[in-house]
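Student: I'd like to ask you about the structure that follows.
2 protein chains.
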Amino acid sequence: MMNIGQAAAASGVSAKMIRHYEGLGLIRPGARSAAGYRLYAERDLHALRFIRQARVLGFSLEQIRTLLSLWQDQERSSADVKRLAASHMAELDERIASLQAMRAALAALVGSCAGDQRPDCPILAGLAEPGRCPEHVPGPD
Amino acid sequence: MMNIGQAAAASGVSAKMIRHYEGLGLIRPGARSAAGYRLYAERDLHALRFIRQARVLGFSLEQIRTLLSLWQDQERSSADVKRLAASHMAELDERIASLQAMRAALAALVGSCAGDQRPDCPILAGLAEPGRCPEHVPGPD
DNA sequence: ATCGGCCTTGCCACAATGGGAAGGTCAAGC
DNA sequence: GCTTGACCTTCCCATTGTGGCAAGGCCGAT
Numbered sequence: 013m014m015n016i017g018q019a020a021a022a023s024g025v026s027a028k029m030i031r032h033y034e035g036l037g038l039i040r041p042g043a044r045s046a047a048g049y050r051l052y053a054e055r056d057l058h059a060l061r062f063i064r065q066a067r068v069l070g071f072s073l074e075q076i077r078t079l080l081s082l083w084q085d086q087e088r089s090s091a092d093v094k095r096l097a098a099s100h101m102a103e104l105d106e107r108i109a110s111l112q113a114m115r116a117a118l119a120a121l122v123g124s125c126a127g128d129q130r131p132d133c134p135i136l137a138g139l140a141e142p143g144r145c146p147e148h149v150p151g152p153d
Numbered sequence: 013m014m015n016i017g018q019a020a021a022a023s024g025v026s027a028k029m030i031r032h033y034e035g036l037g038l039i040r041p042g043a044r045s046a047a048g049y050r051l052y053a054e055r056d057l058h059a060l061r062f063i064r065q066a067r068v069l070g071f072s073l074e075q076i077r078t079l080l081s082l083w084q085d086q087e088r089s090s091a092d093v094k095r096l097a098a099s100h101m102a103e104l105d106e107r108i109a110s111l112q113a114m115r116a117a118l119a120a121l122v123g124s125c126a127g128d129q130r131p132d133c134p135i136l137a138g139l140a141e142p143g144r145c146p147e148h149v150p151g152p153d
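For the record, the sequence lines run as chains A and B.
Following the numbering used here, the numbering of the first sequence begins with 13 at its first residue and continues without gaps.
Following the numbering used here, the numbering of the second sequence begins with 13 at its first residue and continues without gaps.
Spelled out as structure tokens, the structure:
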């Protein structure tokens with residue numbers, strides 16, 4: 013049985029977050045010492061590491077709530093887990109695509125900016141005139 | 013001179029956000045009608061569209077504050093703008109890389125999960141045992 | 001007994017946006 | 001003129017996940 017600080021160090025989850033997860037009901041309230049200190053056993057560390065790893069993979073705490081219940085459910089079907097993970101992966105793909113679209117648009121602007129001491133700046137122009145693409149300089153067509 | 017609703021429709025920024033940006037000092041408090049309604053002119057729409065476009069490119073409101081002051085500063089050097097944009101682009105790259113790392117780890121787990129009615133699930137195993145990689149099944153080496 | 005380090009609870013903060021309540025205003029129709 | 005509906009105002013709350021701080025209690029070592 014360890015205190016919250018040791019559990020935090022051993023699991024990689026901050027003490028603050030351990031209390032928060034407990035408040036959210038992700039981990040059981042667990043035992044307390046006579047003085048009211050939270051006490052953790054090896055079993056609790058497993059759950060904390062599970063949560064931490066799921067956070068590393070970008071699952072939301074609500075998704076982790078479901079993952080934890082699946083984890084503890086011996087009757088689960090792996091299809092349920094896979095569905096959740098695949099849906100999260102699809103969400104990651106969306107976020108990646110969205111960031112890449114930003115990056116591409118930004119790269120076009122940055123690439124067309126001289127970056128010298130003069131005030132003329134296609135980046136500002138591109139922000140002010142969202143329709144126009146900077147390197148698509150309108151020739152005499 | 014238009015009301016906030018028209019300005020919102022014309023700029024693509026919600027009325028809620030227009031008020032918020034005003035509270036943050038991104039846009040000038042501007043004129044009010046006798047009844048206290050905010051009034052917007054064409055000039056304000058330019059600023060709102062500028063902000064919206066910068067948001068589309070993922071700039072934070074604090075970065076946008078700087079962009080707006082550069083935009084309005086005739087003495088700016090485009091180098092300042094480019095530096096800000098490039099730094100934002102680097103941050104986007106970091107976020108993309110982080111999401112892609114998540115996605116890759118998740119894809120490995122999802123790919124190794126049967127997704128049937130049986131409870132055995134490498135995804136849950138991978139979350140519980142962060143060190144182990146699922147398709148790296150330990151053969152008799 | 002005292003001091004440093006750990007623990008407790010609780011509140012505030014972030015960033016950006018939406019939701020909603022309670023109330024004032026304006027224009028149109030009757 | 002009065003009602004009705006659409007719009008506006010301000011103010012508060014919620015989100016998500018994490019950190020910080022403050023006031024106070026506990027524990028071990030000197």
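Note that beta-carbon positions come from the ideal geometry of N, C-alpha and C, so glycine has one too.
1) Taking the C-alpha atoms as reference points, what is the distance between residue 47 of chain A and residue 80 of chain A?
2) Check whether the Cβ atoms of residue 59 of chain B and residue 139 of chain A sit closer than 8 Å, and answer yes or no.
3) Could you pull the start and end residues of the alpha helix (DSSP H) that residue 52 of chain A belongs to?
4) Cβ-heavy atom distance between residue 24 of chain B and the ligand ATP below 7 Å?
5) To which residues of the same chain is residue 82 of chain A closer than 7 Å at the C-beta, ignoring the five residues directly before and after it?
6) For a test of the three-state rule: what should DSSP assign to residue 1 of chain B, helix, strand or coil?
7) Between the alpha carbons of residue 24 of chain A and residue 120 of chain A, how many angstroms are there, rounded?
8) Out of curiosity, what's the CA-to-CA distance linking residue 69 of chain B and residue 77 of chain A?
9) Report the residue from B:53, B:73, B:98 whose alpha carbon sits nearest the alpha carbon of residue 18 of chain B.
10) Between the alpha carbons of residue 134 of chain A and residue 98 of chain B, how many angstroms are there, rounded?
11) For residue 16 of chain A, which residues of its own chain have a beta-carbon under 8 Å away from its beta-carbon, when the five flanking residues on both sides are left out?
12) At a CB-CB cut-off below 7 Å, which residues of chain A make contact with residue 36 of chain B?
13) Quick check on this structure: which residue in A:115, A:110, A:102 has the alpha carbon closest to the alpha carbon of residue 115 of chain B?
14) I want to see whether chain A comes within less than 8 Å of residue 77 of chain B, judged by CB atoms only; does it?
15) Does the distance from the C-beta atom of residue 126 of chain B to that of residue 90 of chain A stay below 8 Å?
16) Can you check which of these residues, B:41, B:13, B:72, is closest to residue 104 of chain B by C-alpha distance?
17) Would you say residue 40 of chain B faces chain A, with C-beta separation under 8 Å as the test?
18) Mind pulling the chain B residues with CB within less than 9 Å of residue 89 of chain A?
19) Give the range of the alpha helix (DSSP H) segment to which residue 3 of chain B is assigned.
20) Using a beta-carbon distance below 8 Å, is residue 105 of chain B in contact with chain A?
21) Is the shortest distance between the beta-carbon of residue 82 of chain B and the beta-carbons of chain A less than 8 Å?
22) Contact criterion: CB-CB distance below 8 Å. Does residue 57 of chain B meet it with respect to chain A?
23) Looking at the strands, I want to know which residues DSSP matches up with residue 95 of chain B.
24) By a C-beta neighbour count over all protein chains shown, 10 Å radius and 16 as the cutoff for buried, is residue 20 of chain A buried or exposed?
Tutor: Looking at the coordinates:
1) If you number the first sequence from 1, residue 47 of chain A lands on position 35. If you number the first sequence from 1, residue 80 of chain A lands on position 68. Using only the alpha carbons, I get a separation of about 29 Å.
2) Walking along the second sequence from the start, residue 59 of chain B turns up at place 47. Walking along the first sequence from the start, residue 139 of chain A turns up at place 127. No; because the gap between Cβ atoms is not below 8 Å, this pair is not in contact.
3) The residue labelled residue 52 of chain A in the question sits at position 40 within the first sequence. Taken as a continuous stretch (DSSP letters only), residue 52 of chain A belongs to no alpha helix (DSSP H), as it is neither H nor E.
4) The ligand ATP is not part of the structure shown, which contains no ligands of any sort.
5) For the purposes of this step, residue 82 of chain A is taken as the residue at position 70 of the first sequence. Correct list, in chain order: 88, 92, 93.
6) Residue 1 of chain B lies beyond the residue range present for chain B, which begins at 13 and ends at 153; the question has no answer from this structure.
7) Sequence index remark: in the first sequence, residue 24 of chain A carries index 12 (1-based). Sequence index remark: in the first sequence, residue 120 of chain A carries index 108 (1-based). Going from the Cα of residue 24 of chain A to the Cα of residue 120 of chain A covers about 40 Å.
8) Locating residue 69 of chain B in the second sequence gives position 57, counting from the first residue. Locating residue 77 of chain A in the first sequence gives position 65, counting from the first residue. Going from the Cα of residue 69 of chain B to the Cα of residue 77 of chain A covers about 33 Å.
9) As a first step, residue 18 of chain B must be located in the second sequence, where it is residue number 6. Checking every option, the nearest Cα to that of residue 18 of chain B belongs to B:53.
10) Within the first sequence, residue 134 of chain A is the residue found at index 122, counting from 1. Within the second sequence, residue 98 of chain B is the residue found at index 86, counting from 1. Roughly 13 Å separates the two Cα atoms.
11) The sequence position of residue 16 of chain A within the first sequence is 4, counting from 1. These residues qualify, in order along the chain: 27, 30, 31, 49, 50, 52.
12) The count along the second sequence starts at 1 and reaches residue 36 of chain B at position 24. Simply none; closest approach about 18 Å.
13) Position 103 of the second sequence holds residue 115 of chain B. Selected option, being the one with the closest Cα: A:102.
14) Sequence index remark: in the second sequence, residue 77 of chain B carries index 65 (1-based). With 8 Å as the cut-off, residue 77 of chain B does not count as an interface residue toward chain A.
15) As a working note, residue 126 of chain B is residue 114 in the second sequence. As a working note, residue 90 of chain A is residue 78 in the first sequence. Contact: yes.
16) Taking the first residue of the second sequence as 1, we reach residue 104 of chain B at position 92. Taking only the C-alpha atoms, the option nearest residue 104 of chain B is B:72.
17) By 1-based counting over the second sequence, the position of residue 40 of chain B is 28. Chain A, which has no Cβ nearer than 8 Å to the Cβ of residue 40 of chain B, makes this no.
18) Numbered from its first residue, the first sequence carries residue 89 of chain A at position 77. Simply 127, 128, 129, 130, 131, 133.
19) Only positions 13 to 153 of chain B appear in the structure, and residue 3 of chain B is not among them; the question remains open.
20) Locating residue 105 of chain B in the second sequence gives position 93, counting from the first residue. At least one chain A Cβ lies under 8 Å of residue 105 of chain B.
21) The residue you call residue 82 of chain B lines up with position 70 of the second sequence. Taking Cβ atoms only, chain A reaches closer than 8 Å to residue 82 of chain B, which makes this a yes.
22) What you label residue 57 of chain B is simply residue 45 of the second sequence in a count that begins at 1. No - not a single Cβ of chain A is within 8 Å of the one on residue 57 of chain B.
23) Counted from its first residue, the second sequence places residue 95 of chain B at position 83. Answer by DSSP bridge pairing: none, since residue 95 of chain B is not bridged.
24) As a first step, residue 20 of chain A must be located in the first sequence, where it is residue number 8. It is buried - the Cβ of residue 20 of chain A has at least 16 other Cβ atoms within 10 Å.
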